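410 is the number of the first residue of the sequence shown in the numbering used here; add one for each residue after it.
Where a beta carbon is used, it is the ideal one built from N, C-alpha and C, also for glycine.
Values in this document were obtained by computation on a predicted structure and should not be read as measured data.
See below for the structure under consideration.
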Amino acid sequence: MPANGLGTYSLTGQVCLDSVGAALASGVRLIDTAYMYGNEAEVGRAVRESGVPREEVFVTTKLYPSQFSGAEAAIEEALEKMDLGYIDLMLLHHPGAGDVEAYCAMERALTAGKLRAIGLSCYYVDELTAFLPRVSVKPALVQNEIHPYCQDAEVVPFIHDQGTAVQAWYPLGGRGHNDELLSDPVLASIAQTHVVSIPQVILWWALQRGVVIPGSSNPAHIEEDDRLYHFALTEEEMAAIAALNRNEKHDWY
Ligand SMILES: NC(=O)c1ccc[n+]([C@@H]2O[C@H](COP(=O)([O-])OP(=O)(O)OC[C@H]3O[C@@H](n4cnc5c(N)ncnc54)[C@H](OP(=O)(O)O)[C@@H]3O)[C@@H](O)[C@H]2O)c1
410 MPANGLGTYS
420 LTGQVCLDSV
430 GAALASGVRL
440 IDTAYMYGNE
450 AEVGRAVRES
460 GVPREEVFVT
470 TKLYPSQFSG
480 AEAAIEEALE
490 KMDLGYIDLM
500 LLHHPGAGDV
510 EAYCAMERAL
520 TAGKLRAIGL
530 SCYYVDELTA
540 FLPRVSVKPA
550 LVQNEIHPYC
560 QDAEVVPFIH
570 DQGTAVQAWY
580 PLGGRGHNDE
590 LLSDPVLASI
600 AQTHVVSIPQ
610 VILWWALQRG
620 VVIPGSSNPA
630 HIEEDDRLYH
640 FALTEEEMAA
650 IAALNRNEKH
660 DWY
């Protein structure tokens, strides 16, 4: 699985087609969507029309709790809408009634080769402790809200200890919530030292702890957010960012 990619929350219609197209053209190979974003068809179409071979692209989608009671049909619906032959990773979007049964339906689709990997989103220590003993296939990945103001300092190592990858949603603080984070003086000073942008500092910090999926509809930002491998943060800089944690979630789940 690619370490970083493009999130498509709130990107719909032509904006979604253009953003996914720009991401794939600039070398991004992981695209994250969900039933709830209402753009699975556009994501699938942008991948098909990109000219990038299907097997080089990693596509994630998610079942929403409203779909849990009919998960088998919902998985088929996602496969049909995306029209990519298979889905690389499917997650349960967040806990809800019937989540274990929905996960079992994903396990069956995994065995049938319709899904290549399965996992969870918005599951923290208590939720995972209750959920994991009830399913057979270990989640490949858990996607949770993680950014410098909400670091999930205990949750990340707990998930890694299960042998499960962690992926950060809202890595830049979240669309509509990121003004303060993207002008934070500690991050600004680190960015200045490395002659990179504040988003690049945040994304590299996140990559050192897990994997990330920043969202953007701006081709220049998409390219900037993917160019992360030419600098490294020192231990002191990582510690300075760790000290910014306020356990401040920017969304409710
Ligand atoms: N599993 C879940 O429950 C869940 C929940 C929320 C989100 N997600 C996933 O996580 C992804 C990321 O979340 P998000 O898109 O809401 O928030 P985000 O990545 O934290 O922030 C996106 C915002 O940052 C801006 N941005 C991106 N790159 C930038 C750059 N280099 N410089 C300046 N601004 C930049 C974007 O504006 P521009 O468009 O102008 O670049 C956009 O307003 C979503 O797309 C979705 O795939 C998952």
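Give me the DSSP bridge partner(s) of residue 582.
Mapped onto the sequence shown, residue 582 falls at position 173. Beta-bridge pairing links residue 582 to no other residue.
Pick out the complete alpha helix (DSSP H) segments inside the segment 508-540, 4 residues or longer, and give them in chain order.
508-520, 534-540
When DSSP labels each residue in this structure, what does residue 427 get in the three-state scheme?
Walking along the sequence shown from the start, residue 427 turns up at place 18. Residue 427 falls in the helix class under three-state DSSP.
Considering Cα atoms alone, identify which of 581, 585, 586 is closest to residue 596.
Stepping through the sequence shown from its first residue, residue 596 is reached at position 187. For the residues 581, 585, 586, the minimum Cα distance to residue 596 belongs to 581.
Tell me whether residue 471 sits in a helix, a strand or coil according to DSSP, three-state version.
On the sequence shown, position 62 is the one that residue 471 refers to. Note: residue 471 maps to strand in three-state DSSP.
Would you please state the rounded distance, in angstroms, between the beta carbons of residue 500 and residue 528? I believe it to be under 8 Å.
Looking up residue 500 in the sequence shown gives position 91. Looking up residue 528 in the sequence shown gives position 119. Residue 500 to residue 528, Cβ: 5 Å. Contact.
Please name the residue, chosen from 441, 414, 419, 617, that lies closest to residue 530 on a Cα-to-Cα basis.
As a working note, residue 530 is residue 121 in the sequence shown. Nearest option by C-alpha distance: 441.
Taking the beta strand (DSSP E) that residue 410 falls in, what are its first and last residues?
Here residue 410 is taken as the residue at index 1 of the sequence shown, counted from 1. Counting along the chain, residue 410 falls outside any beta strand (DSSP E), and DSSP gives it neither H nor E.
Cα separation between residue 553 and residue 417?
Residue 553 sits at position 144 when you count from the first residue of the sequence shown. Residue 417 sits at position 8 when you count from the first residue of the sequence shown. Looking at the two C-alpha atoms, the distance is approximately 15 Å.
Reduced DSSP category for residue 476 - H, G, I as helix; E, B as strand; rest coil
For the purposes of this step, residue 476 is taken as residue 67 along the sequence shown, with counting starting at 1. In the structure shown, residue 476 sits in a helix (DSSP, three-state: H, G or I).
So does residue 441 have its beta carbon nearer than 7 Å to some heavy atom of ligand 1?
Position 32 of the sequence shown, counted from the start, is the residue given in the question as residue 441. Yes - ligand 1 has a heavy atom lying nearer than 7 Å to the Cβ of residue 441.
Let's test the definition: count the other Cβ atoms within 10 Å of the Cβ of residue 520 and tell me whether it reaches 16, buried, or not, exposed.
Stepping through the sequence shown from its first residue, residue 520 is reached at position 111. Its Cβ having fewer than 16 others within 10 Å, residue 520 is exposed.
Candidates 657, 623, 645: which alpha carbon is nearest residue 429's?
Numbered from 1 along the sequence shown, position 20 holds the residue referred to as residue 429. Of the listed residues, the one whose Cα sits closest to residue 429 is 623.
Taking 6 Å as the limit between beta carbons, can you name the residues of its chain near residue 662, skipping five residues before and five after?
What you label residue 662 is simply residue 253 of the sequence shown in a count that begins at 1. The residues are 503, 531.
Can we count residue 581 as close to ligand 1, meaning its CB is less than 7 Å from some heavy atom?
In the sequence shown, residue 581 corresponds to position 172, counting from 1. Yes, Cβ of residue 581 sits closer than 7 Å to a heavy atom of ligand 1.
Residue 588: first and last residue of the uninterrupted beta strand (DSSP E) it sits in
Working through the sequence shown from its first residue, we reach residue 588 at position 179. From DSSP, residue 588 is part of no beta strand (DSSP E); its letter is neither H nor E.
How far does the alpha helix (DSSP H) with residue 647 in it extend, from its first residue to its last?
As a first step, residue 647 must be located in the sequence shown, where it is residue number 238. Looking at the DSSP string, the run of the alpha helix (DSSP H) that includes residue 647 is 644-651.
At what residues does the beta strand (DSSP E) containing residue 440 begin and finish?
Within the sequence shown, residue 440 is the residue found at index 31, counting from 1. Where residue 440 is concerned, the enclosing beta strand (DSSP E) stretches over 439-441.
Once you ignore the five residues that flank residue 573 on each side, which residues in its own chain have a CB closer than 8 Å to its CB?
The sequence position of residue 573 within the sequence shown is 164, counting from 1. Excluding sequence neighbours, residue 573 sits near 528, 547, 548, 549, 550, 551.
Once you ignore the five residues that flank residue 646 on each side, which residues in its own chain have a CB closer than 7 Å to its CB?
Within the sequence shown, the letter at position 237 stands for residue 646. Around residue 646: 599.
Counting only the same chain and skipping the five closest in sequence on each side, list residues whose C-beta sits under 6 Å from that of residue 568.
Working through the sequence shown from its first residue, we reach residue 568 at position 159. Contacts found: 551, 575.
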